[in-house]
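Asker:
Number of protein chains: 2
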Amino acid sequence: MQDLTSVGIVTSQKVKFDNPLHLKSGAILDSYELVYETYGELNEDKSNAVLVCHALSSNHHVAGYYADDTKNIGWWDNMIGPGKAIDTGKFFVVAVNNLGGCHGSTGPTSINIETGKPYGADFPMVTVQDWTVTQVELADYLGIKQFAAIAGGSLGGMQALQWTLDFPDRVRHALVIAAAAKLTAQNIAFNDVARQAIITDPDFYGGDYHSHNTVPMRGLRLARMLGHITYLSDHSMAEKFGRELRNGPLGFGFDVEFEIESYLRYQGDKFADQFDANTYLLMTKALDYFDPAHDFNGNLREAFSAVKSDFLVLSFTTDWRFSPERSHAIVKALLDNELNVSYAEITSSYGHDSFLMGDRYYHELVKAYMNNIIV
Amino acid sequence: MQDLTSVGIVTSQKVKFDNPLHLKSGAILDSYELVYETYGELNEDKSNAVLVCHALSSNHHVAGYYADDTKNIGWWDNMIGPGKAIDTGKFFVVAVNNLGGCHGSTGPTSINIETGKPYGADFPMVTVQDWTVTQVELADYLGIKQFAAIAGGSLGGMQALQWTLDFPDRVRHALVIAAAAKLTAQNIAFNDVARQAIITDPDFYGGDYHSHNTVPMRGLRLARMLGHITYLSDHSMAEKFGRELRNGPLGFGFDVEFEIESYLRYQGDKFADQFDANTYLLMTKALDYFDPAHDFNGNLREAFSAVKSDFLVLSFTTDWRFSPERSHAIVKALLDNELNVSYAEITSSYGHDSFLMGDRYYHELVKAYMNNIIV
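Right, dumping it as structure tokens:
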């Protein structure tokens, strides 16, 4: 039976921008492509557009499925569709693969026309600020002067926040979910271990692994295993895996013994097969660099002084990657600027990954907020 | 000026046991050596002996320094010495490098007399239970029928606990510090990522790196970097490193940028230079396997039913590797058996590493407890 709450078959589109892009790092891209998807219909006065921003390893395929790959369902399909929390009957949803990604937008795996080879490690560092600039270009191309809302979880939430800082007139509402105003030393530490795993993999070749017809699988696998520990809560791991042994008695060897080992290694292997190592490095650096208060002596209230948007900020009780306290800091700084902020700390056992889950209370909150947006 | 609270110059001793050791894994070691140090004097009725057990990567050099290496100070020197919390004026302290270690006791780097080569990956898996058995052999050799106390932090605390289970008549007091009655799925997950980093290092050669004149430095380094994240608290990292940049503005590259990266990479490099990879694998497995309640359907109270010792259990507020809740579980199970238990949760910002720190309140607690022990 057809799922009436799915946006159904979707197709990706691509657009090339030929105006030079001046990145925060100082590097310039003469041109670049963005791959994106849209769901729903843009209304006549173009007031119903919602931008969805993706997190570390995700992409523009946010809802629905492909005609030739019906099992490839968008990563936030539980949130977006007809009658869903972000209702495609009301909103025109735009989702884009970030610059530097490995799913179609220009990134390290793209061919550098100057050399005729993939950029690889030569692809410049990109920041959250750079992404919002490219997303503005896409908005202009689509004729969207102002987004009704920009939504994202984790690194996606950071992009939503950055929009309200850099383009306050172009976003009416920001949904900042499971995010933080900056990384802690511990967050950076985890990222650095992941990066070191990739960079010290002998198959990395300084990022030039394509020329050597290889991929730093070992490093990517370790990075993903480590990432997964931080995405899950101690509690959800305990619930899901406990100390369950996979095969009866202790093996007294280094093969998989505990269920959690099996899960992590599987996740690591799957990821290493699919994701580009240089892109992973770039995305983690974008996280490390995100710190809007930095230019304001660490004062987040001052950093937010030009913001005009309304906000829905959400956190999850067991998220220890970006804990509720991190959202509190955002909410406090927004309120200090007398902005309209709705905040909820959602009880969930799934840790950071909660933002991807279909918790009913969570989705009803988002739905109620989105329903109140006038388009 | 001489430090009158130091045990001063110490020397390591070695003893060989020729009776076959039947390990939990089923493997048998025909003979093995243990390296150990002692501080203070064993009294006439041999009632003042204290065994100190070491944690994951530590060893038998617990206090004092070597005549030819005066900067090599024992890892718990702040705790043990004349007039210190564990007073060598009162107690005879014994510290041993665990079987499977890489600091002198028989382990993967030792020569296997059957092959004439280092054991390497052929060294059998060892458990906390195996260690207590070998420590009993050492006690017998030293003429110690009963320890006044057995003390340890982290994996060392687990050994103290195991003694009270397996040899209830041979230990009067156990000091179980920053420990847990078993690892969580998350603890195991961190260990497995560390192991996978080592095992997938091309220089590991299935554990036979000695034959290839190499060492899996990359893997060991990653394992240690990751370990350090779990030893420190988010708070102590924030205090110590914050988001401080090491060299002025953002570098937009993958060299060290943040102080925390510099610290972790330094710790990783240092460790990879010194520690044996096969030993690291064994020690993490000993941690994973530790679960005294396992044979009692997970019932810790029942597991402790034969215990006779008194206890000092200590935890630290910011320890997220083995959080205070983990100590509470131990204390509860001990109290359910109507044992004498002193418990304190010590306010400390140093995370799991707190057990190594010289916090005054912590040391005064240990001192008070040790002073009350009748010898």
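Going down the list, the protein sequences come from chains A and B. Those letters in the first sequence? Residues -7 to 367, per my numbering, in order. Those letters in the second sequence? Residues -7 to 367, per my numbering, in order. By construction, the Cβ of each residue, glycine as well, lies at the ideal position given by its N, Cα and C atoms. These numbers were taken from a predicted model, which means no experiment stands behind them.
(1) Going along the chain, which residues of the segment 10 to 28 of chain A sit with their C-beta nearer than 7 Å to a C-beta in chain B?
(2) Which residues does DSSP pair with B/G343 in a beta bridge?
(3) Please list, in chain order, all residues of the same chain as B/F139 whose beta carbon is under 6 Å from its beta carbon, the five residues on each side excluded.
(4) Using 8 Å for Cβ pairs, my map puts A/G73 next to A/T(-3). What's the rounded Cβ distance?
(5) What residues of chain A sit near B/P110, judged by a beta carbon separation below 8 Å?
(6) Taking the CB atoms as reference points, tell me whether B/T156 and B/F303 lie closer together than 9 Å.
(7) Return no unless some Cβ of chain A is closer than 9 Å to the Cβ of B/I322.
(8) Report the residue ranges of all beta strand (DSSP E) runs contained in full by the segment 158 to 182 of chain B; include only those spanning at least 3 residues, in chain order.
(9) Taking 9 Å as the CB-CB cut-off, is A/M217 touching chain B?
(10) Assign A/D283 to one of two classes, buried (16 or more other C-beta atoms within 10 Å of its C-beta) or exposed (fewer than that).
(11) Could you spell out where the beta strand (DSSP E) holding A/Y24 opens and where it closes?
(12) Return the CA-CA distance between A/G32 and A/I1, expressed in angstroms with no decimal places.
(13) When you compare only the Cα positions, how much space is there between A/A47 and A/H344?
(14) Show which residues of chain A have a CB atom less than 8 Å away from the CB atom of B/L214.
(15) Does the beta carbon of B/H204 come closer than 9 Å to any beta carbon on chain A?
(16) Return yes when at least one heavy atom of the ligand ADP lies under 8 Å from the C-beta of A/N205, else no.
(17) Check whether chain B comes within 9 Å of A/R235, counting only Cβ atoms and requiring the distance to be less than that.
(18) Give the DSSP bridge partners of A/A141, in chain order.
(19) Residue range of the alpha helix (DSSP H) that A/D261 falls in?
(20) Could you give the residue range of the alpha helix (DSSP H) that holds B/V358?
(21) What does A/Y281 reach in chain D if we use C-beta pairs closer than 7 Å?
(22) Assign A/N332 to one of two classes, buried (16 or more other C-beta atoms within 10 Å of its C-beta) or exposed (fewer than that).
(23) What is the rounded straight-line gap between the Cα of B/G81 and the Cα of B/M275?
(24) Below 9 Å between beta carbons is the criterion; list the residues of the segment 169 to 180 of chain B that meet it against any residue of chain A, in chain order.
(25) Among the residues of its own chain, which have a CB less than 7 Å from the CB of A/S50, if the five just before and after it don't count?
(26) Comparing alpha-carbon positions, which option in B/S97, B/E36, B/E29 and B/T310 lies nearest B/I65?
(27) What are the start and end residues of the beta strand (DSSP E) that includes A/S334?
(28) I want to verify the contact list: residues of chain A whose CB lies under 7 Å from the CB of B/F246, in sequence order.
(29) Listed from N- to C-terminal order along the chain, which residues in the segment 283 to 295 of chain A have their beta-carbon within a distance smaller than 8 Å of any beta-carbon of chain B?
(30) Near A/A295, what residues of its chain come up, given a Cβ to Cβ distance below 6 Å and the 5 sequence neighbours on each side ignored?
(31) In chain order, what residues of the same chain have a beta carbon less than 6 Å from the beta carbon of A/L21, not counting five sequence neighbours either side?
(32) Please list the partners that B/M117 has in chain A, where partner means a Cβ-to-Cβ separation under 8 Å.
(33) Among B/F308, B/L357, B/A336 and B/P316, whose alpha-carbon lies nearest the alpha-carbon of B/Y342?
(34) Within 9 Å (strictly less), CB to CB, does A/G260 reach chain B?
(35) I want to verify the contact list: residues of chain A whose CB lies under 9 Å from the CB of B/A230, in sequence order.
(36) Do A/L256 and A/H220 have their beta-carbon atoms positioned less than 9 Å apart in this structure?
Answerer: Let's see:
(1) Per Cβ criterion, the list reads S17.
(2) DSSP, once it has assigned bridges, lists no residue as partnering B/G343.
(3) Result list for B/F139: A41, L43 and V163, in chain order.
(4) The beta carbons of A/G73 and A/T(-3) sit about 5 Å from each other, so the pair counts as a contact at 8 Å.
(5) Chain-order list of chain A residues neighbouring B/P110: empty, with the shortest C-beta distance near 18 Å, by a criterion of under 8 Å.
(6) Their beta carbons are under 9 Å apart, which means B/T156 touches B/F303 by this criterion.
(7) Chain A, which has no Cβ nearer than 9 Å to the Cβ of B/I322, makes this no.
(8) Within the segment 158 to 182 of chain B, the runs of beta strand (DSSP E) that reach at least 3 residues and sit entirely inside it are, in chain order, 163 to 169.
(9) Among the CB atoms of chain B, one or more fall inside 9 Å of the CB of A/M217.
(10) A/D283 should be labelled buried.
(11) Start and end: Y24 to Y31.
(12) If I take the Cα positions, the gap works out to 12 Å.
(13) About 12 Å.
(14) Ordered by position in chain A, the residues that pass the 8 Å Cβ test against B/L214 are V185, Q188, A189, T192 and L214.
(15) Chain A, which has no Cβ nearer than 9 Å to the Cβ of B/H204, makes this no.
(16) For the structure depicted, the ligand ADP is absent and the ligand set is empty, with no information on it obtainable.
(17) Judged by the 9 Å Cβ criterion, A/R235 is in contact with chain B.
(18) Residue pairing from DSSP places A/A141 in a beta bridge opposite A/V42 and A/H165.
(19) Looking at the DSSP string, the run of the alpha helix (DSSP H) that includes A/D261 is E251 to Q266.
(20) Taken as a continuous stretch (DSSP letters only), the alpha helix (DSSP H) holding B/V358 covers R352 to N363.
(21) The structure shown contains no chain D; the protein chains it does contain are A and B.
(22) Its Cβ having fewer than 16 others within 10 Å, A/N332 is exposed.
(23) Put simply, the backbone Cα of B/G81 is about 32 Å away from that of B/M275.
(24) Flagged, chain order: K174, L175, T176, A177, Q178, N179 and I180.
(25) Closer than 7 Å at the Cβ level, and outside the excluded window around A/S50, lie W67.
(26) Minimum Cα distance to B/I65 is reached at B/E29.
(27) Unbroken beta strand (DSSP E) run through A/S334: V333 to I338.
(28) In chain order, R187, I191 and L273 make up the part of chain A whose C-beta sits under 7 Å from the C-beta of B/F246.
(29) So the close ones are D283.
(30) Residues P284, A285 and F288 of the same chain have their beta carbon placed closer than 6 Å to that of A/A295, with the five preceding and five following residues left out of the count.
(31) Result list for A/L21: L13, in chain order.
(32) At a beta-carbon threshold of 8 Å, the residues of chain A lying near B/M117 are F244 and G245, ordered along the chain.
(33) Minimum Cα distance to B/Y342 is reached at B/F308.
(34) A/G260 belongs to the set of residues whose beta carbon lies under 9 Å from a beta carbon in chain B.
(35) In chain order: T176, A177 and Q178.
(36) Yes, these two residues count as a Cβ contact at 9 Å.
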